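Structure first, commentary second.
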Amino acid sequence: MRCEGADNPPCRRCRNAGLDCLFEKPSREATLTGEAGLERIRSLEAHVAEIKTTQTS
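With full-length UniProt numbering as the guide, the letters of the sequence shown map in order to residues 1 to 57.
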C-alpha cells in the first residue's frame, strides 16, 4: 500500500488499515542542466535517429 503523503500522518489509507504511515520521498537521479543536459539530449536524439534508420532499411 502506498501512503498518500507526509503532510498530516497518518494518512487515510494507513489509518484505515491500522498501519504506521511511512512516507519516503522518491529518490531522483541527478539532473543534467545547461550545456551538459543539452549535449545528453543531442546524443540521445542521434541514437534515436540511428535506430529509426536501421529499422526502415
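All residues carry an ideal CB built from backbone N, CA and C; glycine is no exception.
Given the structure is predicted, the values throughout are model-derived calculations rather than measurements.
ask   = What did DSSP end up calling T31 once you bin it into helix, strand or coil?
value = Against the sequence shown, residue 31 aligns to sequence position 31. Coil.
ask   = In terms of residue numbering, what span does the alpha helix (DSSP H) encompassing C11 cover?
value = Translated into the one-based positions of the sequence shown, residue 11 becomes position 11. Neither: C11 is in no alpha helix (DSSP H) and is coded neither H nor E.
ask   = What residues in its chain sit with their C-beta under 6 Å from that of R40, if we drop five residues either side in the sequence?
value = Translated into the one-based positions of the sequence shown, residue 40 becomes position 40. So the list reads L32, once near-sequence residues are dropped.
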